[in-house]
Every structure is written in structure tokens, then in C-alpha cells.
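Residue numbers (this note's numbering): -4 to 595.
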């Protein structure tokens, strides 16, 4: 029997719960007042309280735990986080060009030479290219846009557009973008902007401030190229070998998983997330019933836009003293505790449809034993159902103390600390994630207790209804469904993997921009840059930032690409666009012949 103190606590909880059984419905969010969280009140320690439709704690958790990691930000390309960052003294940056002249203004640099060498092209056949290596002479101040924020695809650059223009800008004029970002960042002493495509890049605002050349080598070229002032993804002259393409992808994969690129230090105490319901309520409606692949920042309204700019100004002008909590490690602890275990739990409960009754009973017993081992630090000695069951108590209410301990132990002390606005958001996020994990896992454990699963695989159940093979199959199916639903809600990038594992000559690969084409044979959304009439007065007028002669060369390269796109179209139609709009992992060859580029 439960102890007297436990019985009193459960009785109080039951009263509170009965008074708060109003159904949860999606809310729009609010810009001020107490944070809205469906998991903070004591009345929520019940096992039938599912997350509301617009909950975002799971998105914030996976986004924060995926920062600076190539794999996760290739899977979900539309970033929703902006984070101040620094690069330490001595870190090397790389820049490929076609003349031995230090850039006089903003330009693109890579964190790996395989990336910058991709743009190391000779001005003419038989000439070498120039590869610049820079070293940071002081900590460089950056602003990091997560996701595939350098890929020219729908939604990937939304957060950049909102900050510098207040609206979504198309076409994707990279010269105008880098100039506008660097001009905007001057008042915050920003040295550049960190983005990602196949690998991480830094839009460096000044090649003579905070960096100095280590070498400026004349190398065998990757190909021929136009003038150095042309943005990287508009330098499309000259054929690049598939080996060189693979080298770029390989370099990016070095940063696939946690801890990601360790040369960059993030200040999570100043993180801004567009999944913050209090700050950006206007984005809630656009996300309802949408897959995460389709989430965008584009739907933000004027009021939230003003709040964004004020918040960015706040985090970049004042550096609030953070609590000292290592949020990255805290999030990683949760993933380490549950990622593999939930995968195994799903596997254990999966049914082939041909299992015998005795086999199903053994699966339930083994599952319950396994779940009990997961929860052993939280199972109180007096946590057990009353006999007979308490009248009027919510289902499994006797297990609520175990639920609460499981969900709050990791963050109970942190809650008492003085936290920054960003830290409070991350705390709410991890609390929501732990709440949902523990609701499901403790619920399975508690149901097993009531079914007498602790007695062994030859149990008979605990209620008056006889235990049958049909009932055991239903319990197994219900538990499996709960675990699958939980894992789908968490949506952790660690579960995105190749099954079966790839061979030694292969890599597990996600379709990576720009190494695929859509069904018309073109790089997705890249053609938005190309005017319909390449010979019209508007098309011939160079955009901001282009020097004399550069724009004409770009127009000629676009004419060639249009021709090539027409030739490729029939070949491309065989591969559906979903291969890149909903990227799925697959094994791709690391050796010739390469097969990572779809439709190429």
C-alpha cells in the first residue's frame, strides 16, 4: 500500500486534475506575460495529457541539439535559430579565387579547404588558380543562421531576409545579400555571418580586420572561372570533376554529428528561436498541419517582425550574464539517455503478425522489465497501485510521482537559477521533451504493473477480464503505437540514418544542395535568379555590387545553363522531387563511379 504521505499527495492531485480536465486546444500564443507551457502545472502529471497541436518544445530541443551539425541541418534545411558565435584566435579560413589580390570588400570564406578549392578556378586555360588561407588574429564575432542557410531553396534564407530587408527577397542576389548583411552588422561589430550548404561558410566582411594571410598559393585549378567578384554560386563556368564534388561533400560530413564543427563557439544564452511561441505567435497558424520540412519564417507579421528586430538588437548590444548552465551538454544527456533505448523499445514491440501468444506475452514481460530499468532512478519504493483501485482517480494516478521525478530531476535545480530570456526558452523546451518522454515510458511501466507483468511471462492479468492472446496482442500494439508516436514527435536527427548500414566503400548521404536537380533538370529555385528575357534592358542592368564586365559574363553562363537544363529535362523526370524536398538517407559511393548527385 502507498504510504500515508503519498496517499494524501495523490488525493490532492486527483482533486486538482478533476478541476482541470478542459480539453487542450491549439492556442495562438502571446507576446507578453507568463510563458505558456502545457507541462508546467502540477495538474499536468497525468498520463492522458498529450502535447497541444502547436507545441514547439520538441522543435526547439532538436534544433538546439543540432546546431553546427551538417547532417541535421541538411535534413531540415529551413533554419529557425539565430545565434551569436565566435571563432577563436588561430582558426584558419579559406578562400578560392582566380587572381592574387586580397578581396577589398566582403567575400565568402570556407572553414575547410576542400570547400574553398571548389571555387579555385583559373581565369584561362593553362593558368593556375589562387587559394588564400587566413588566420584569425583575434576572436571573430559572427552571427549564425542555422539550417542550410546558404542553399538557394525555398525557406532557407528567410531569417536573413527578415533581418536585413524585413521581407522575403527574391531573386537570391548573393552580392546584395552579403553587402547588406555586412552593412547592417557594422553597428554590432560583427565580422561576418556563419551559414551552411554542403559545408560551413563564413561571409567575411573585411579581409583586413581580425585576420591575416597565412598563404596565398597558386594551385592547379579546379576549373576555369569568371571574375573573383562574382558570388560563388554564380561562378558556374568550367566543368568540375565528380571527385572534387565528392571532396566538398566529404568535408561537410566531418561535421555531420555532435559536436559538429568545434571551431565555432555558440553563445546559447543569446539564442533566438522562431519557434518561441511568446515572441512569434504569428507563425503558429502557418505551421498547423504542416510537416516540419515546410515550416518557414516567411509568415511572420509586422508586430512579430518588430519584436524580432528589437530582440536581435538586444542580444547583440548587451551581453547578458548567463547562468553558466551547459545547455548543449544537458540536451545531449537527454538524447544519450533515451535515443538508443527508445529505438530498442520500438524494435522489441514491433510485431511480425505471426507471433504466438506465448511469444507476445514474453515480449510484454521483457519490455516491461526493460522500461523498469530505464526508470530505476525514479521508481519510489511505495509507488504502487492501491487495491482496490481508488474511486474517481485518474488513470494510473498512483504512478504520477514517478512521472514527475522522471520529468523534472534533470532541470529542477536549474529552474531556481537566474536565467536569460534564451535560457528560459531552452529550459521550457527540455522540460516539455522530458515530460512527454516520461509520460509515455512511465505510462507503459505503470500499465505493466497493473497487468502483473512483474510476475513473469506467464502472468494472468489483474482485472476480472480473463487474459487472452487477443488482449496481449492489443497491449503490444498499443505500446508500440505510443513509442512510435513519441519518436515521431521528438523527431531527433540521430534517428535519421541508413538502414541497413552502408558498406565500407559507401557513405550514408542526404541529398545535399546543389548536388541534385528537380524534375525540370535545374537546381531547385536557382532559376529564380535568371530573368525570363536575358536580353531585356532590366536584365542587362547590373545589380548592386557587380563590377563592369561581371554581369555580362554571368548572363552568358545563364544562357548556357538554360540550354543544358533543356537537354537534362527528360533524364530528370525519372526521379521525383521528393528526393530533395523530403530528403531521405541513402548509401552513396565514396569511390568512382560516384552516385550522390541526383539527376546530374
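Every residue, glycine too, gets a C-beta built ideally from N, C-alpha and C.
What you are looking at is a predicted structure, and each value in this text was computed from that prediction instead of being measured.
State the start and end residues of the unbroken alpha helix (DSSP H) segment that holds residue 170. 169 to 180
Measure the alpha-carbon distance for residue 138 versus residue 76 and round it to whole angstroms. Taken atom to atom, the span from the alpha-carbon of residue 138 to that of residue 76 is near 10 angstroms.
What does the Cβ neighbour count give for residue 26, buried or exposed, with the cut at 16 atoms within 10 Å? Since pLDDT at residue 26 reaches only 41, below the 50 mark, its modelled position is unreliable, and the value read off the structure follows with that caveat. Its Cβ having fewer than 16 others within 10 Å, residue 26 is exposed.
Residue span of the alpha helix (DSSP H) that contains residue 366, given as start and end: 352 to 370
With DSSP collapsed to three states, give me the class of residue 191. Strand.
Is residue 221 buried or exposed, if buried means 16 or more other CB atoms sit within 10 Å of its CB? No answer about residue 221 holds up, because its pLDDT of 47 lies below 50 and its placement is not dependable.
Nearest-angstrom beta carbon gap, residue 63 and residue 126 [assumed within contact, 8 angstroms]: That belief does not hold up - the Cβ atoms of residue 126 and residue 63 are roughly 25 angstroms apart, past 8 angstroms.
Three or more C-beta pairs closer than 8 angstroms, one from the segment 307 to 324 and one from the segment 418 to 432: is that the case here? yes
Beta-carbon separation of residue 266 and residue 78 under 8 angstroms? Yes, Cβ-Cβ distance for residue 266 and residue 78 is below 8 angstroms.
Residue 109 to residue 246, Cα distance in whole Å? 6 angstroms
Would you call the CB atoms of residue 240 and residue 592 closer than 8 angstroms? yes
Could you tell me the boundaries of the alpha helix (DSSP H) in which residue 333 lies? 322 to 344
Residues bridged to residue 260 by DSSP? 81
Entirely within the segment 433 to 505 and at least 3 residues each: give me those beta strand (DSSP E) ranges in chain order. 501 to 504
DSSP three-state label for residue 73, please. strand
Is the number of C-beta pairs between the segment 481 to 498 and the segment 394 to 408 that are closer than 8 angstroms three or more? no
Roughly how many whole angstroms lie between the Cα atoms of residue 446 and residue 404? 27 angstroms
Note down the Cα distance separating residue 482 from residue 216, rounded to an integer number of angstroms. 47 angstroms
Helix, strand or coil, according to DSSP, for residue 317 in the structure here? coil
What are the start and end residues of the beta strand (DSSP E) that includes residue 584? The continuous beta strand (DSSP E) containing residue 584 extends over residues 581 to 584.
Tell me which residue opens and which closes the alpha helix (DSSP H) that residue 50 is part of. It is not in any alpha helix (DSSP H) - residue 50 carries neither H nor E in the DSSP assignment.
Rounded distance between the beta-carbons of residue 84 and residue 134, thought under 8 angstroms: 6 angstroms
Whole angstroms are fine: how far does the CA of residue 204 sit from the CA of residue 312? Looking at the two C-alpha atoms, the distance is approximately 20 angstroms.
Near residue 333, which residues of its chain fall below 7 angstroms by C-beta distance, leaving aside the five closest residues on each side in sequence? So the list reads 432, once near-sequence residues are dropped.
For residue 269: DSSP bridge partner residues: Within the DSSP bridge table, the entry for residue 269 names no partner.
Taking 8 angstroms as the threshold (C-beta atoms), are residue 444 and residue 380 in contact? yes
From which residue to which residue does the alpha helix (DSSP H) around residue 153 run? 153 to 159 is the extent of the alpha helix (DSSP H) around residue 153.
Give me whichever residues DSSP pairs with residue 429 in a beta bridge. For residue 429, which the question treats as bridged, DSSP gives no partner whatsoever.
Which partner residues of residue 90 appear in the DSSP bridge assignment? 127
Leaving out five residues on either side along the sequence, give the residues of the same chain with a beta carbon under 6 angstroms from the beta carbon of residue 91. 111, 112, 114, 115, 126
Kindly indicate which residue of 187, 147, 54 has the alpha-carbon position closest to the one of residue 100. 187
Under a three-way DSSP split, which group does residue 215 fall into? Reduced to three states, the DSSP call for residue 215 is coil.
Cβ atoms of residue 192 and residue 393: under 8 angstroms apart, would you say? no
Stretch-stretch touch, CB-based, cutoff 8 angstroms, three pairs: the segment 38 to 57 with the segment 291 to 309: no
Output the distance between the C-alpha atoms of residue 365 and residue 583, rounded to the nearest integer angstrom. 36 angstroms
Quick check on residue 57: buried or exposed, where buried means 16 or more other Cβ atoms within 10 Å of its Cβ? buried
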